[in-house]
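Residue numbers (the working numbering), protein chains in the order written: chain A, 838 to 1146; chain B, 7 to 371.
Here the structure comes first, spelled out in structure tokens, and everything after it is commentary.
Have a look at this one:
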């Protein structure tokens, strides 16, 4: 029984990393004041780019980097439209999702059912020997450890460092930040590209680690769940980790219930759960006035900035 | 010297200039991508045009696809008029199809023949509206972002529909083919001109006219447009935003649900795979190409339908993956945004900034 619980835990963590990387990127982007609804397209494009480069070069690290570059390029596109052209950010993000998915499917056609590379689990010495937790958290792939590290680094960066202060200033009150000499446009560009890179890496995680291979629509809404988890996380990377884990647990339960022969909850209900629970979680956050007050939503989120006003 | 000067006025023809720029931009960007792929863009676009309008039958298919795109386009346009982003038309369309198929499959035991079509249409609208109600209540009650809730429900709707036609509603005589049995004949929409054009197209056009009149000439429409200026304007004008939110989301969902009803009762005649093929997302593009004007929505829908069908034909004529369709659609939205950006500025030729330009907020760069 314990070994089965360990296994379900391991699957849960494994299933959560893509969403986690997407959420972490989106937190930074949104903290700088830019709303990016293109995460789904960026993840899908990153998944394709990662798998394709892995399939061609045979190098998994190059593959993961390609996913990052692909997502970053789409991030740059979003930045040009939403920051420089001051376009409607909701629409620009949706365009990124449509365009990114289309381009991923278009370019990825030759790679369907192709042979590719995978990133194998890499148990960390000592840590992976901890009972249960070692197997669950520390017998994962290198991208999972990257995601853990990024969670901590981004938490400290955003709350304790000068860089974080500047990013938050650009997102909270762009005009005031600009008056104080903060290069708002540069910061927003950098944050948007960074967010795109992490979304792309999250996508590459899916095609290299979680469900190796390239399939059309393979992200299945994980990009959108990542955006929803940013709300759940109240823009805090540590909470984003918990949110992603919650998503992973729900995904893992589908396997667990099948394994244990639990039929009380039909399979299709379990398949709906990640989406429905994400909606419920968003509702709960908004229900609680105290949570809403300290929610940390950036004041200028989604508002383009120009000196002319 | 040439400078960019910010416009403070709107100029005549802006309503046409933006969609025109969007289309130019999209086909320009698409041409670049096709060139990178080693395809001559001109021959590709010619093949698309032939694929969409090369024969009477092909042109009729463009109109067939334009019907659901008109309805989802209206659904999105209605919402965005008061700044409500219903990105869940895909799911609402699916639920409308499920409800309509339910009436078509099981209704004939309880209903006379003449009542079957109205009942199916009503059920379709109801299914879509109900599916939009969750996000609407969360938005009105707790200000939960409707973009994410409507979108996430798309996935849930598809899972529910698949469960139905793989499971309880599966056709026992279907030879293992996933899908329901055919709906009753009395629930099928009549077709015209020996083509697949069905009554749904005329229904969509009528609704577009009605919605156009309602938005422009009724108090209700006026309130939506004021609410669309922002929360402050809505509060100042004492508009019951919560009520309007619920009404608009229900109406928007009902429109998307009717699109699903049309697909079932007009075309597919059974619930099966291939129902959720992105009409809900197409609605977003249609709505903005039409600049949220209900009367322009059908025109934009015909255009987008032609792009879709033309791009599909590229697969047979040039061996290109049909997903080029999505690439072009993404470019169309970017084109719309670029066009909107471009019309916000104008080029100024010549010397220094004049006081008039300074007053307009112009600046030299």
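Positions of the beta carbon are idealized from the N, C-alpha and C atoms, including for glycine.
Residue 883/A is a Cβ neighbour of residue 1041/A, given a cutoff of 7 Å.
Residue environment for residue 208/B: exposed (fewer than 16 other C-beta atoms within 10 angstroms of its C-beta).
In this structure, the straight-line span from the alpha carbon of residue 106/B to that of residue 124/B is close to 10 Å. Each residue's CA atom was taken as its position, placing residue 302/B and residue 889/A some 42 Å apart. Three or more beta-carbon pairs drawn from the region 852 to 867 of chain A and the region 1022 to 1038 of chain A are found closer than 8 Å, and the two stretches are therefore classed as touching. Relative to residue 157/B, the option among 1013/A, 1057/A and 858/A whose CA is nearest is 1057/A. With a beta-carbon spacing of about 6 Å, residue 232/B and residue 245/B fall inside the 8 Å limit used to define contacts.
A direct Cα-to-Cα measurement between residue 1090/A and residue 852/A gives close to 11 Å. A residue is called buried when at least 16 other Cβ atoms come within 10 angstroms of its Cβ; residue 1008/A meets this threshold and is buried. A Cβ-Cβ separation of about 6 Å places residue 275/B in contact with residue 194/B under the 8 Å criterion. An exposed status is given to residue 19/B, since fewer than 16 other beta-carbon atoms sit within 10 Å of its beta-carbon.
By the neighbour-count criterion, in which 16 or more other beta carbons inside 10 Å mark a residue as buried, residue 339/B falls on the buried side. At least one beta carbon of chain A lies nearer than 7 Å to the beta carbon of residue 148/B. Beta-bridge pairing by DSSP links residue 204/B to 197/B. Comparing alpha carbon positions, the residue from 323/B, 263/B, 349/B and 281/B closest to residue 127/B is 263/B.
Of 841/A, 929/A and 965/A, the smallest CA-CA separation from residue 344/B is found for 929/A.
Proximity of residue 904/A to chain B, defined by a Cβ-Cβ separation below 7 Å, is not satisfied. Residue 98/B is a Cβ neighbour of residue 137/B, given a cutoff of 7 Å. Less than 7 Å divides the Cβ of residue 907/A from the Cβ of residue 886/A.
Where residue 957/A is concerned, there is no enclosing alpha helix (DSSP H), because DSSP gives it neither an H nor an E. In the DSSP secondary-structure assignment, residue 278/B is bridged to 185/B. Rounded to whole angstroms, residue 202/B and residue 210/B show a C-alpha spacing of 15 Å. Of all residues in the region 34 to 48 of chain B, none places a beta-carbon less than 7 Å from a beta-carbon of chain A. Below the 7 Å Cβ cutoff, chain B contributes no neighbours of residue 920/A, its closest Cβ being approximately 11 Å away.
The beta carbon of residue 1115/A falls within 7 Å of a beta carbon belonging to chain B, placing the residue at that interface. For secondary structure counted as the alpha helix (DSSP H) over 4 or more consecutive residues, the region 264 to 316 of chain B holds these complete runs in sequence order: 285 to 295.
A Cβ-Cβ contact shorter than 7 Å links residue 87/B with residue 234/B.
One finds nothing in chain A with a Cβ atom closer than 9 Å to the Cβ of residue 309/B; even the nearest lies about 16 Å away.
A Cβ-Cβ separation of about 5 Å places residue 258/B in contact with residue 92/B under the 8 Å criterion. The beta carbon of residue 226/B is closer than 7 Å to those of 220 in its chain, skipping five residues each way along the sequence. For the set 1082/A, 947/A, 840/A and 1073/A, the Cα lying nearest the Cα of residue 990/A is the one of 1073/A. Around the beta-carbon of residue 1062/A, 16 or more other beta-carbon atoms lie within 10 Å, marking it buried. Of the other Cβ atoms in all chains shown, 16 or more fall within 10 Å of the Cβ of residue 944/A; this residue is therefore buried. In terms of beta-carbon proximity, residue 939/A lines the interface with chain B, with at least one pair separated by less than 7 Å.
Under the Cβ criterion (8 Å, minimum of three pairs), the region 315 to 322 of chain B counts as touching the region 56 to 65 of chain B.
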